[in-house]
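Just below is one structure, and these are the notes that go with it.
Residue numbers (the working numbering): 141 to 961.
Structure follows, in structure tokens:
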């Protein structure tokens, strides 16, 4: 048991690593999971801002959720216990902690309105309730703002245990006699929109069921927790047994009374671990953090705590390795998109990359690739039985690399070969689903053309595969970690679980609040684009600039991925006909039930719909997006495809979510597509059916790398380049300018200078362009220069200090004067 675990810290660390809290074991080493030194410094600043002055040395010594939680509680106990100086915004009495004979405190976190969030609030601090005040103070530190508290007291007068007058900020409507509490009274309290409602009475020994029922009427769905304190209990263990409770206890050292925390079992306060009351109450206050939001900004159902399930266990099943297993909903959607006849269809969902290699050793390369085929079942599979099942083939021929003799690796024939391979559609019924070929020209350099199908591999699987390929090619004698689990084992045992009723109800309630997809300025109707052709824009934030952005994100209480997602949403919102929009997130959902899952290849992608509903200010909108993401992730067992089908029934124009955000931050493979690799990336593209725009983010050698892969026929070149340029400029400004975080979205995102009718979907289809997007860009943006395939070719006038397009790992990227924009 880990009695010190703070759920909020756990959730934020998991989000920073782009995991679910359930996927991040509390004892897992955060450094091994990809928490680098820059993010460690950002976390130190984030914790320091919340009142925990922890050193980097201390964080490095205990690099786990459990270790950091313990350090935070120790720091909190020292800060609050010393009472050397009052906390800002709180009144402090000289009373020592003393408890009445028997009292109870009922917490009910509620929503906050913007005026209450922004106004200076105070906490009622009784001498008899010092421990409670400490808990609420901790809650305020975690929220980063003062906390609004409404007190329901049994006393007619406004006096505390020491006879001191309570704060006059409390109006008579906020003080109630416990015997006169009614549902209407509680509705008045909830209308005040407090963080916490405190109910206490020295003679209240009856069960709190009546009060719970009243609160349920006033605030349906709210989290309600009861803390009972009594000095009369000789044995808290006996009391727990009498009450049928299994845990939640703590003993105050050096005193005659016991504190018993009667709360949900998932709080994990172990009975055998004595804690001071401050730690217990601080632990509870962190757990009770409300979902701060304004219902007028995005109406949503009440907060629903996650359902705690038993630990998951995966068991190898080698006997069934070559038996077929079912496709996921996402895989079936990918298959359907391969068929022509639908809008934006007739393409595979695949990843293509072109590598430049010095002195390619073909024999050694083939040996490495064949070892990977033998190791990973998803490189050996096909789709059978009417395209409903995956079959892992047992007997396969040895893979041999196909060669193409070229006049020049950047010549016309090489470009034609690359384009043919990049946009091919593989037959899923025939092995292999991947394609790997080479081009040589006698110069000593070679080009490798690798096409991997997202039908079987997600983005993290591709990173794992390329890392293992380089290791086996450079060091043929090296051994990879043994794998006894197969992707089939995961899919059969865990991947086909039914969603919980709570999650289904959550998303059912969200249907009416989800906005439509971004209504971007398209130049033709997507329904008229039979087979899409994708183009790429890419850019890189150097490690130093990326570190600045992460630091500022941490100071604002945001994860780096949330900042990137918010910036992407803000730019799209500025170009969209309506500011509210919904994105589709491609998230890697690998439950941390077995370390072997970190080495398996497969499609673990879990699509998630996320709404962007800005309130006008950048920082508050970004924080709101992160809170929404954290809440939605708790219910991600419901597929986004199910949500989109339900949306299509209620709102036919909302059924498609064609703008995608794919994030691969925080993964162990930190050298993905590195230009310093033996396989140097030259060009690349990804594509998928039914998609307009896919934004991919990953880290390589400390740099932040990102791509926009877009359907060429849908976007005018100047529009796509302008949106991308605005996104890059926004990230640059957020990294360099601390004051920019306090600006409005309108100040950060300059509205596009397009006529109003251009922001709406054209009523009739336009002919698909026959001229390549970059050719049109050369005519409309003569200052751009294109660097492709390892050499520079001018599309227009180049020059010092002008912007040009550069080939990053797999594409064109905007740079300015030779430096990354």
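By construction, the Cβ of each residue, glycine as well, lies at the ideal position given by its N, Cα and C atoms. As the structure is a computational prediction, the values presented were derived from the model and not from experiment.
DSSP places residue 521 in the strand class (E or B) of the three-state scheme. With a 10 Å radius around the Cβ and a threshold of 16 neighbouring Cβ atoms, residue 694 comes out buried. If you ignore the 5 residues before and after residue 164, its C-beta comes within less than 6 Å of the C-beta of 154, all in its own chain and listed in chain order. Exclusion of the five residues before and after residue 208 leaves 149, 199, 202 as the residues of its chain whose Cβ lies within less than 7 Å of its Cβ. For the stretch 479–535, the full-length alpha helix (DSSP H) segments reaching 4 residues or more read 502–515 along the chain. Around the beta-carbon of residue 556, fewer than 16 other beta-carbon atoms lie within 10 Å, marking it exposed. Annotation: the continuous alpha helix (DSSP H) that includes residue 714 extends over 700–715.
If one requires a minimum length of 4 residues, the alpha helix (DSSP H) runs lying completely within the stretch 612–676 are 627–630, 641–650, in chain order. Under the DSSP assignment, residue 735 falls outside any alpha helix (DSSP H); it carries neither an H nor an E label. With a cutoff of 8 Å on beta-carbon distance, residue 170 and residue 184 are scored as not near each other. For residue 848, the enclosing beta strand (DSSP E) covers residues 843–851. By DSSP's assignment, residue 594 forms no beta bridge with any residue.
Residue pairing of residue 728 in beta bridges, as defined by DSSP: 745.
Remark: three or more beta-carbon pairs, one from each stretch, lie closer than 8 Å, so the stretch 651–668 and the stretch 718–726 are flagged as touching.
In the assembly as shown, residue 537 is an exposed residue. Its beta-carbon has fewer than 16 other beta-carbons within 10 Å.
One thing to note: residue 765 has its Cβ no nearer than 8 Å to the Cβ of residue 782. Short of 7 Å from the beta carbon of residue 530, and not among the five residues preceding or following it, lie these beta carbons of its own chain, in chain order: 464, 465, 467, 521, 523. Nearest to residue 567 by C-alpha distance, out of 712, 744, 837, 474, is 474. Residue 800 is bridged by DSSP to 724, 834. Inter-residue distance for residue 858 and residue 800 is about 21 Å (C-alpha atoms, whole angstroms). DSSP lists 493 as the bridge partner or partners of residue 824.
Relative to the Cα of residue 578, the nearest Cα in the group 572, 570, 561 belongs to 561. The closest CA to that of residue 595, considering only 476, 501, 513, 609, is found on 476. If you draw a straight line from the Cα of residue 697 to the Cα of residue 187, it comes to about 9 Å. Where residue 773 is concerned, the enclosing alpha helix (DSSP H) starts and stops at 758–773. When 871, 788, 841, 502 are compared, the shortest CA-CA separation from residue 613 is found for 502. The criterion of a C-beta distance shorter than 8 Å is not satisfied by residue 793 and residue 627.
Just measuring C-alpha positions, the residue of 172, 841, 819, 710 sitting nearest residue 609 is 819. Under the three-state reduction of DSSP output, residue 170 falls in the coil class, being neither helix nor strand.
Annotated three-state conformation of residue 782 is helix, per DSSP. Within the stretch 542–615, the runs of beta strand (DSSP E) that reach at least 3 residues and sit entirely inside it are, in chain order, 542–545, 575–580, 585–593. If you draw a straight line from the Cα of residue 664 to the Cα of residue 459, it comes to about 53 Å. Rounded to whole angstroms, the gap between the alpha carbons of residue 509 and residue 542 is 13 Å. Within the DSSP secondary-structure output, residue 750 pairs in a beta bridge with 723.
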